[in-house]
Structure formats: structure tokens, C-alpha cells
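First to last, the protein sequences are chains A and B.
Per the numbering used here, numbering of the first sequence is gapless, rising by one per residue and ending at 1574.
Per the numbering used here, numbering of the second sequence is gapless, rising by one per residue and ending at 317.
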Amino acid sequence: MLKFNRFRGGIHPPDSKITAGKPIEKAKLPASVIILLHQHVGAPCKPLVKEGEEVKAGQKIGDSDSFVSAPVHSSISGVVREISTQLLSPIGREVPGIIIESDGRDESAKMEAIAPATASKREILARIREAGIVGLGGAAFPTSVKLSPPEGKEIDTVILNGSECEPYITADHRLMVEQPDKVVKGMNVIMNVLDVDKGFIGIEDNKKDAIRRMREAVEREGDKRIEVLSLKTKYPQGEAGSLIKTILNRETPSGSHSYDIGVLVQNVATAKAIHDAVFEGVPLIERVVTVTGDVKEPKNLLTRIGTPFYDLIKECGGSKGDVGKIVCGGSMLGVAEFENVPTIKSTGCILVLDREKSRIPEERACVRCGICVSVCPTGLMPTILEKLARERRFEECMDYHILDCMECGSCTYVCPSKIPIVQLIRYGKEEIKRRE
Amino acid sequence: MPELIVSPSPHIRNEVSIEKIMYSVIIALIPTTACGVYFFGVHALYVIITCILSALFTEYVALRLMGRKFVMDGSAVITGLLLALCLPPGLPLWMAAIGAAFAIAFAKCAFGGLGHNIFNPALIGRAFLTASWPVAMTTWTKPLTYDAITTATPLGLWKMQHIATPSINLALGNVSGCIGETSAIAILIGGVFLIAKRYTDWRTPLSYIGTVAVLAFVLGQDPIFHILAGGLFLGAFFMATEYVTTPITSKGRIIFGVGAGIIVVVIRLIGGYPEGVCFSILLMNAFTPLIDRHVRPRVYGVKRKSFFVSSANKGD
């Protein structure tokens, strides 16, 4: 058994994982989907189809010439109704997108499966890109780019992130319980592409069944390089820096990437998507979304990407009580929506909160209790950053390492004065980046 | 769908609030308050009530004058109560009222109210009273007599007449002294309650009391006597841990505790006063901004160059 290190600080919010025991259900085929052309980090895609054109599920409908980008695919079969330049994305941006009306036939276009044992690395990477795979943990960074580290950066360890430390979300949890073999096979592909001989799958110990199922799958696969680790449940365990610290006791130097210390972190759902693309030729057109919170029947739904949020909430029996917030993502990091938006590749959770839970608490004066300092996983002094950012003293913010903040929100969660600390820190970071 | 509420993440907050912390501190002070009333009689209770009412009234008036809303957050109650607990039991009530009013008006509201004061208001109140009415502030009542027989405190007896007081009396509290500082056990109960609730950082009282014990021992004094006598326990658990006026980092709190401990021993052994807790905390309050500026946690992914991060080496 490995001796574990711990990351600094952290919090223990109620885990609220009410859907942990609910098997993944296939969502109803949506009547129409909105495929956004910019769902990832990097350059937006250009549409490859015209209005009125017929498309199949899995057909590529948008791509870009840029290296840092990922193509998008239609998730249903039907007709392109509209190509718009201004559609609202769940992460709060206006981006171009394609609206597709379903023909109800759900005909799909597949790519050929490839045999990873004989295929070259270049072929596999091309397939991962062609399938439109991006980091599904939330970052949405194009996976083929991440798997091509810059010259001279030697990766020695791959960590698969199955910690899912955010309250409410159970999408990765169910995936690990129900399809562990696909996750392990996907990880295998990642490790082969990178020529790595050490791999860890980190799972928080509040998901005992997932840990057991993943261990069994690793055994079945017979891959001696991979070890499944049970990690202490503590938010933000799933943040890459915390994960690397806990498992390897390495720290990503301030201002650099984890591949600078030889580590690559991928989400378990991303590994599963790689499996589907490589072994089955299926591009990334569906994923598990946990629809939870104040809905009548919270569920883990296998949904087509681009399904409008309200369709999925309706499928879970609608809201319970007066709706206050609809959040894309979990309760700690999610984005509150102000209207019906489609899911994107990185949408793992739709959280509905009633009006009472959505009440914005009254802000009071800071009493310098220092609790935010003690919970900060990065070792920052959030209360000082908050005050400096509020007074627009950005130079001093830099001195207090404001750019190292990962915005996990732990400080804001614990603040007895209910100060929106992380919001003010984000403001400070934005201003500093804007001025550079 | 009705109109949706939009706000930045996180969308959940924990249930700890200013009020919850403040009322927990008040609950933690109940054992030692009860002991004070038991040992020194009903006049001690009057002093306590006078201080609390005066503090509340002053805060109400001051905030109204400042054009701000008065919020019953419990902080003025704590200031009044803590001040009363470090006053002699027989103090005239009008003096107690003035002390509390001064504490709130000048040590708290003049700095901008809750969260902005530099010095612990209760201790400022006490220092003000000591300077203004030194005789009344050093007239001590014998415990359990209830008829105001004046006597000296254990530290006074030790300093002036070299008479030791048995430790068991110091622990239980049947010795003369301020209303709420005589019973170490009662204070410890409240302090441990706050530490268990994680509202108080254990590092401050431990480093403070520990420093006094070690220094007293090294200098040939009885360490048990020095930690139990006087206001050290009350100061260590309830005043050196007051959020606003003490450092926000755990390392800073240790520095605060050690510094205050050194000052206490220096005042007791070298200075003119028999007791130094009040001044030790006030002096360290003055150092708090400096400590917070230079003692910072290590940032993830940044190698520590030295213990003190100087603001001079910007951009590293």
C-alpha cells in the first residue's frame, strides 16, 4: 500500500450524491440539438454543412485548421435547420453553432475501428482528434493536443482522475461502476501513446463500489502498469494539482504545466471516450450527465451532446418547488445559467437548486477569522487577495500570488461573513491578464 | 421556467456565520462567568450586566452616528462580557459602564467597526480603566466572603510578599482576582469547546501558555503557578484568539503566542506590575499587521526561499 501525501487545506462539504446508486439511463432522443462550434479550449470550428442539409449522428459538421481545436459532430440524424453565429454556451459565452432538427430515425455514421496494437501513434492521435475528444472533466482541452507534449517534455506517469470531488455529480462514478473495462482500455491507449509505464487511477474513498469495479477491470485487463488508488475524500481532491500532490508528492511549479514534472492527468470519462473512438469508431456525441438537485427524479442520463437543458430537466420529472438556479456543473464550480442552453462535451452535471437554496447570502465585514487561509489548497491568503482586488491594488495581488489561485471556491464556501472571495479574486486575475 | 437567479460559483455555503461564531464564544464564556458570580457574589453579576448593556448601547449609538445599520451580531456582547470578566468584582458600576463605552466607541467603532479594529476592545477598556482609576482597579475581593474584604491577588502576593498560592486553588478559582479569570478549569472548558468546534486555533493558546511555562521554568520560577495565576488562561483562550486583532495564518498565530508569552514573563518578573497579560496581548495586537505581512503560507508550486517572505523580492 502506498503511503499517501496530503494536499494542504481543503473542505468537506456535504457530498449530496443522491444519484450515486442510480444506473445510467439512456435519455430520450431530443427533438432537436444545438451543436456549438466552440465547445473546447482553442480555436472555434467552422461549419462543414449548410442549412437544409441532411446529417447523420456521428457525422462531422464542424472543424478547424488550428492545432489546438477539436471537431464537432452531429449527435442525432436529421436536417440542419439553422447555422447561427450567436448562441449561448453553458459556460456563459456567445458562440457560433448549428441547430439540427431530428428526423427520429437516429441513423449513425461511424468511423472504422482501429486495432491499437498495430496502429501507429500518429494514427491513434489522429483518431482521437477526429472523434472530437476533449477533456471531459470540465476543462475541455483537446485531448489529442494534450497527448502530444512539446518536444523535450518526458511524461513518466499518467493519472486517471476518478475522484469526482464535487458535490452532487455522479456521472464519472456511474461510468466507473458500469463500464470499468472501457475506462481501463482507454487508459491503456493513453499510456501506449505516451510510452509511459506507470499509471494510477485515483478515486475518492466515498466511491467504494467504483474502486472495487475498477480494480477488477484492471485485473481482467492484466495491465501491471496500472494501479487503482483509494484517495481520502476531500474537496478539491479532483483538481489536477491536488491529485498529483496526493499521489506522487510532486508539485507543478507555479506558472507551468503538469507535463513539466512528467505527469499527465486525464479524466475517466475522457478515457472511456478514447476507447469508443479507437475500438468502436464512435466519435464523441454522447456522454453521461447527472441531472440532480431539486428535480423530482434525479438521474444519471446518457445524453446526446447538444440536448437543451430543459429537455433533460423535464425528463427528470421537472423541478421540485420553485426553481432558483440552474447550474451547469456542480455546486462548487458550476456556472449558473439564465436561460435554456444546450449541453456541451464537458457538461457532466445539471444542478437545479430551489429558490431557498439559491438565495444569495448577505455579505458582512471580514472579521479576519483566517478560515479561508487555512482551507486554501494553494496556500494563498484569500482574504487579503479579496481586499486588494476590491481596492484594485493589482500589483500587490501579484505579490500575493493571485495568479496561482485555481478558483476552487473553498474560501468562499467557508467564509462566515459570506464574502464572494473567489469572485473578487477572479476579477483581479481578469484585470491583471487584460493589462498584460 | 421562471426567472433564474445567476451568481458566480460556489453555489453552496456552509452554515457557519458571524452570529454562530459569536454566540458560540458567549456560550464558551458561561462556565467562567458562572464561576465568577459564584465566587464573588451578586455584585460581580451587576458588573457583567452593566458592561454588556453599556457596550450594546454604545455600539448602537455609534453605528447610528456613523450612518450604519446596527446588527445584533453578538460582537458587542462579547466585548462587554470579556471586559467585565477582567475587571475586579467590586468595581463601581459607573466605572464599568464607562470602561465598556470607551472600549466600543474608541477601540472598535472609531476604527470602522467590526473587523477593522487593531486592538482588542475589551483589553483597551481595561487598560483605560487601569489608567483612570488605578486604586479601584486593584482593589480585590476575597472569594466566597461576599462582603468586600479586600485582599491581594495570587500574583500580587507572589510579587510583593513572596507568598505562594496552592495550585489547586488557582485551578478551581477560589482566589481573589478579576471576575472571570480565577478558575483555570472553567476557562479551559470553554476554550476546549471552541477549539473542538474549530472556531479557535489551538496554536495560539498553546504557544502562549507554553512560552510562559517554559520561560518561567528556565528563569527558576514555578511554571504551574505562572500559567494558572492571573489572567493568562482567559487571555490565551479568549483574547489572544480574537479574530480581528490577531494574525490570520497558523504560523503567525504561533509567533503571536510566543511573543505575548515573552512579554507576560518580562512584565511579571522585571516590570512594575504583578500582571502583564493585558499589555502583552495589546502589544502583540500592534505587531499583527506586521506579522500578517511577512508570515505567509507556502504557495503550492513555489519553493520557499526563507521563512519570511519579504515584500522586497517581488516577482519571484
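Cβ atoms here follow ideal geometry from the backbone N, Cα and C, with glycine treated the same way.
Any beta carbon of chain B sitting closer than 9 Å to that of residue i?
i                 : result
Arg1144 (chain A) : no
Pro1554 (chain A) : yes
Cys1454 (chain A) : no
Pro1168 (chain A) : no
Met1576 (chain A) : Shown here, chain A extends from 1139 to 1574; a query on residue 1576 (chain A) therefore has no answer.
Tyr1397 (chain A) : no
Phe1476 (chain A) : yes
Ala1251 (chain A) : no
Cys1504 (chain A) : yes
Val1461 (chain A) : yes
Thr1371 (chain A) : no
Asp1153 (chain A) : no
Val1573 (chain A) : The sequence given here places Arg at residue 1573 (chain A); Val does not occur at that position. With 9 Å as the cut-off, Arg1573 (chain A) does not count as an interface residue toward chain B.
Lys1291 (chain A) : no
Which of the three DSSP states, helix, strand or coil, is assigned to residue i?
i                 : result
Val1356 (chain A) : helix
Glu1163 (chain A) : strand
Asn15 (chain B)   : coil
Gly1486 (chain A) : coil
Ala1251 (chain A) : coil
Asn1640 (chain A) : This structure gives no information on residue 1640 (chain A), because the portion of chain A shown stretches from 1139 to 1574.
Tyr274 (chain B)  : coil
Val1473 (chain A) : strand
Glu1418 (chain A) : helix
Ile1443 (chain A) : coil
Ile1214 (chain A) : coil
Gly1180 (chain A) : coil
Lys1291 (chain A) : coil
Phe120 (chain B)  : coil
Tyr1565 (chain A) : helix
Gly253 (chain B)  : helix
Pro1374 (chain A) : coil
Thr1430 (chain A) : strand
Phe218 (chain B)  : helix
Ser1457 (chain A) : strand
Arg1219 (chain A) : strand
Ser1394 (chain A) : coil
Taking Cβ-Cβ distances shorter than 9 Å, what residues in chain B pair up with residue i?
i                 : result
Pro1391 (chain A) : Gly302, Val303, Lys304
Arg1640 (chain A) : Coverage of chain A is limited to positions 1139 through 1574, which leaves residue 1640 (chain A) absent and any answer about it impossible.
Ser1469 (chain A) : Ser10, Pro11, His12, Ile13
Do you know whose CA, among the options, lies nearest residue i's CA?
i                 : options                                    : result
Pro32 (chain B)   : B:Val267, B:Leu82, B:Gly231                : B:Leu82
Lys1437 (chain A) : A:Ser1258, A:Thr1390, A:Ser1496, A:Val1490 : A:Val1490
Gly1148 (chain A) : A:Thr1384, A:Val1473, A:Phe1476, A:Tyr1397 : A:Thr1384
Asn118 (chain B)  : B:Gly232, B:Ala77, B:Met138, B:His163      : B:Ala77
Pro11 (chain B)   : A:Pro1558, A:Glu1475, A:Gly1180, A:Glu1568 : A:Pro1558
Lys160 (chain B)  : B:Pro275, B:Ile22, B:Phe120, B:Ile99       : B:Pro275
Arg1442 (chain A) : A:Thr1157, A:Val1233, A:Ser1246            : A:Ser1246
Ala1278 (chain A) : A:Lys1345, A:Lys1483, A:Ile1339            : A:Lys1483
Asp223 (chain B)  : B:His163, B:Ile50, B:Gly191                : B:His163
Ala1169 (chain A) : A:Lys1571, A:Gly1242, A:Val1327            : A:Gly1242
Can you name the residues of chain B whose CB is closer than 7 Å to the CB of residue i?
i                 : result
Thr1485 (chain A) : Within chain B, no residue comes near Thr1485 (chain A); the closest Cβ sits about 15 Å away, beyond 7 Å.
Val1586 (chain A) : Only positions 1139 to 1574 of chain A appear in this structure, which leaves residue 1586 (chain A) out of reach.
Thr1521 (chain A) : Ile249
Output, in chain order, the set of chain A residues within a Cβ distance shorter than 7 Å of residue i.
i                : result
Val215 (chain B) : Near Val215 (chain B) there are no residues of chain A at all, since even the closest Cβ is about 25 Å away, more than 7 Å.
His227 (chain B) : The premise fails here: His227 (chain B) is roughly 28 Å from chain A at the closest Cβ pair, so nothing lies under 7 Å.
Check the Cβ of residue i against every Cβ in chain B and list those closer than 8 Å, keeping chain order.
i                 : result
Ile1498 (chain A) : Ile6, Ser8
Gln1561 (chain A) : Pro9
Gly1340 (chain A) : Simply none; closest approach about 17 Å.
9 Å is my cut-off, CB to CB: does residue i come that close to chain A?
i                : result
Thr80 (chain B)  : no
Lys21 (chain B)  : yes
Ser312 (chain B) : The pLDDT assigned to Ser312 (chain B) is 42, lower than 50, so where the model puts this residue is not dependable; a value taken from the coordinates is nonetheless given after this. Yes, its Cβ sits closer than 9 Å to a Cβ of chain A.
Arg269 (chain B) : no
Ser307 (chain B) : At Ser307 (chain B), the pLDDT of 49 sits below 50, so the modelled position is not reliable; the number obtained from the coordinates is stated separately. By this cut-off, Ser307 (chain B) is not an interface position.
Tyr209 (chain B) : no
Below 9 Å on C-beta distance, what does residue i contact in chain A?
i               : result
Ser18 (chain B) : Pro1499, Arg1502, Pro1554, Ser1555, Lys1556
For chain E, is any of its Cβ atoms less than 9 Å away from the one on residue i?
i                 : result
Cys1507 (chain A) : Looking for chain E here will not work: the only protein chains present are A and B.
Closer than 8 Å, Cβ to Cβ, to anything on chain B: give me those residues from the region 1198 to 1218 of chain A, in chain order. none
Output, in sequence order along the chain, the residues in the region 65 to 92 of chain B whose CB is closer than 7 Å to any CB in chain A. none
Selection of the region 241 to 270 of chain B by Cβ proximity to chain A, strictly under 7 Å: Tyr244, Val245, Ile249, Thr250, Ser251
Closer than 9 Å, Cβ to Cβ, to anything on chain A: give me those residues from the region 114 to 133 of chain B, in chain order. Gly114, Leu115, Gly116, His117
Contact residues within the region 1529 to 1552 of chain A, judged by C-beta distance below 7 Å to chain B: Asp1537, His1539, Asp1542, Gly1547, Thr1550, Tyr1551, Val1552
Any residues in the region 1376 to 1389 of chain A with a beta carbon nearer than 8 Å to a beta carbon of chain B? Which ones, in chain order? Gly1379, Lys1383, Glu1389
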